[in-house]
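Chemist: Sharing a structure here in structure tokens format.
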Amino acid sequence: MSYPADRKYTKEHEWIQVNGNSAAVGITHYAQESLGDIVFVEVPKVGAELTAGKTFGTVESVKAVSDLFAPASGTVTEVNGELATAPEKVNKDAHGSWMVKMTLKHPGELDGLLSSADYEKFVAEEAGH
Amino acid sequence: MPSVEATPAVRKTALNAVHRQMGAKMVEFNGWDMPVEYPASLGGGIIAEHIAVRTGVGIFDVSHMGDIRLAGPQALAAVQHISMNDASKLAIGQAQYSALLYPEGTFVDDVIVHRLAEDEYLLVINAGTREKDFSWVRDNTCQFDCAVENLSDDFTQIAIQGPKGVNLLQKLTAADLTTVKFYWVTRGRLCGLDNILMGRTGYTAEDGFEIYIPTDEATSARVWNEILAAGKEFGVVPCGLGARNTLRLEGKLPLYGHEISDTINVWEAGLDRFCKMEKAEFVGRAALEKAKAAGVKRTLAGLEMTERGIARDGYKVLDAGGHEIGHVTSGSPAPYLKKNIALAYVPLEFGTVGTAVKVEIRGQGAGAVVVPTPFYKRPKKTA
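Keeping their order, the protein sequence lines are chains B and R.
Anchor point for the first sequence: position 121 equals 137 in my numbering, and the numbering is continuous, going up by one each time.
Anchor point for the second sequence: position 232 equals 1024 in my numbering, and the numbering is continuous, going up by one each time.
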């Protein structure tokens, strides 16, 4: 699996893709594969404040419950409502299934995140354990 | 420096290498390295595996289950003494669901008792309780003229489950499986092996068989692969412990450490119909009589979520006012029923079908209702 270079990644397996003043956030292919069949995605409402590194939502598979960690601080501007009724889309296309869009409070925070190449290395090591 | 205890090695079944080669996702379960699900490329994934068993056929490696053999002139008396169901009702070749109880009337384990011959019984026990069960059975049967043997490492056990399971297995054996009723066993030639035990039993709330073959890796792998090949025409899917858990939950089949344990008694667990108080003395009987007279205070209720959210093992159950009344023993999405379901111990007055309760999910009470159980019952054969 190759990870798109147009975005940044967290060690908790989220991705964030910046587009002007807004950024889309989702979980990675590796995350969806580890979770298995995803049946539930819960994210905060529009207007909610996210803090980098803090949990902001939950994704659940048949077997497991997993927290979502905010890759950056900011305000939720849009929620992908489709995932409330069709959460399996995350399994089919994790990098195309954004969960929330947000404004960035401190765009500099993204410098601390992983590039696609670094993330690929990181998951290769995790999978090796 | 604190002393470090040696971690016991994780145990592997004879099919471990096969599972890994197939790309199964492996997890540790009760000290065993077991497949939780197979890749989508093989028709796997918990939901797909679950649906395959409900509508077609799936196969499971359940070699982690343990086996205890009791044989001798007083084998029946020994089995009667240590188990709650009435083994005297078993014909040769018949099996029954039962349980081993502590003197307190709580569970050592639940078991399937098979009567293999006039004076020979096989108890199939849970993986996590193998050693405990064996010592318990041995210690509680010394007074009987009966040999107790731990055969847990002597079988590779494969479960072939689903409405098409009988058709699949029939392709591989000369034994006539159509005459084997649910909870009966037969022996016959299977995949070139003689005298193989095949029981029409399982843990999926579906029709199916469990077979007991020699435990060497080559034979185990060969039989596993022959079953998969023979099952192609029925759409057979290899299944892991993930689907095994959701299947048994839909059928309200108890899991040791969850619905049954050493702190839960037979009445609370609702397993009355497998407990034969009218038979002679058995371990736990006196305590159960007292418990019944004192009145049963809690019950295992089936819950269905009425609001968004998935109840999970250990979550609190609240009354309408938000007061804690119990906890979830097993909770999960139910792939076939397409609902979020759970089992929970609640006070008797909350166990009535239709009672509205809440399940605390991440600090919030989400609505649920008590529903009839089992959640899923397999359709009666019309043929």
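The beta carbon of each residue, even a glycine, is placed where N, CA and C say it ideally should be.
All values reported here derive from a predicted model rather than from experimental measurement.
#1: Would you check if the stretch 837-844 of chain R and the stretch 1024-1039 of chain R touch, i.e. whether three or more CB-CB distances between them fall below 8 angstroms?
#2: Would you say Arg812/R lies against chain B (beta-carbon separation less than 8 angstroms)?
#3: Just checking: is the beta-carbon of Pro1030/R within a distance shorter than 8 angstroms of some beta-carbon in chain B?
#4: Which whole-angstrom value describes the C-beta separation of Ile1102/R and Leu1110/R, a residue pair presumed to lie in contact below a C-beta threshold of 8 angstroms?
#5: Using a cut-off of 7 angstroms between C-beta atoms, extract the partners of Asp53/B located in chain R.
#6: Of all the options Glu1060/R, Pro1125/R, Ala1022/R, which has the alpha carbon lying nearest to the alpha carbon of Ala1093/R?
#7: Can you pull the chain B residues whose beta carbon is under 8 angstroms from the beta carbon of Arg1154/R, in chain order?
#8: If you reduce the DSSP assignment to three classes, tell me which class Gln866/R lands in.
#9: Beta carbons nearer than 7 angstroms to chain B: which residues of the stretch 1016-1043 of chain R have them?
#10: Can you name, in chain order, every residue of its own chain whose Cβ lies under 6 angstroms from the Cβ of Lys817/R, other than the five neighbours on each side?
#11: Who are Trp31/B's beta bridge partners in DSSP?
#12: Any chance you could list the alpha helix (DSSP H) runs of at least 4 consecutive residues sitting entirely within the stretch 819-863 of chain R, in chain order?
#13: Would you verify that the beta carbon of Glu1099/R is, or is not, closer than 8 angstroms to some beta carbon of chain B?
#14: For Gly1023/R, which of Leu834/R, Val1151/R, Glu910/R has the nearest alpha-carbon?
#15: Name the two residues that bound the continuous beta strand (DSSP E) containing Phe85/B.
#16: I want to verify the contact list: residues of chain D whose CB lies under 9 angstroms from the CB of Val106/B, in sequence order.
#17: Could you name the residues of chain B that Arg1090/R contacts, counting a contact when the two beta carbons are closer than 7 angstroms?
#18: Using the C-alpha atoms, what's the distance from Pro1125/R back to Leu1047/R?
#19: If we require 3 or more residues per run, which beta strand (DSSP E) segments fall completely within the stretch 891-969 of chain R?
#20: Within the same chain, show all residues whose beta-carbon is closer than 7 angstroms to that of Val940/R, passing over the 5 residues directly before and after it, in chain order.
#21: Verify the CB distance criterion: does Ile1102/R have a CB-CB separation below 8 angstroms to chain B?
#22: Which bits of chain B does Pro1125/R rub up against, with CB to CB less than 7 angstroms?
#23: Closer than 8 angstroms, CB to CB, is Val81/B near chain R or not?
#24: Is the shortest distance between the beta-carbon of Glu1141/R and the beta-carbons of chain B less than 8 angstroms?
#25: List, from N- to C-terminal side, the alpha helix (DSSP H) runs of 4 residues or more that fit wholly inside the stretch 65-112 of chain B.
#26: Thinking Leu982/R and Leu969/R are a contact (beta carbons under 8 angstroms), I'd like their distance in whole angstroms, please.
#27: Spatial neighbours of Pro1164/R within its chain, please: C-beta separation below 6 angstroms, excluding the five flanking residues on both sides.
#28: With the cut-off set at 8 angstroms, would you say Phe85/B and Lys70/B are in Cβ contact?
#29: Need the endpoints of the alpha helix (DSSP H) that Asp986/R sits in, please.
#30: Which term fits Pro1171/R, buried or exposed, when burial requires 16 or more other beta carbons within 10 angstroms of its beta carbon?
Modeler: Put simply:
#1: yes
#2: no
#3: no
#4: That belief does not hold up - the Cβ atoms of Ile1102/R and Leu1110/R are roughly 16 angstroms apart, past 8 angstroms.
#5: Gly837, Ile838, Ile839
#6: Glu1060/R
#7: Thr74
#8: coil
#9: Gly1034, Thr1038
#10: Val828, Glu829
#11: Tyr25/B, Gly42/B
#12: 838-847
#13: no
#14: Leu834/R
#15: 81-85
#16: The chain inventory of the structure shown lacks chain D, comprising the protein chains B and R.
#17: Simply none; closest approach about 26 angstroms.
#18: 17 angstroms
#19: 899-909, 912-917, 939-942, 948-953
#20: Ile860, Leu862, Val929, Arg930, Thr933
#21: yes
#22: Val55, Val78
#23: yes
#24: no
#25: 98-101, 105-108
#26: 10 angstroms between Cβ atoms; not a contact.
#27: Val1145
#28: yes
#29: Unbroken run through Asp986/R is the beta strand (DSSP E), 985-991; no alpha helix (DSSP H).
#30: exposed
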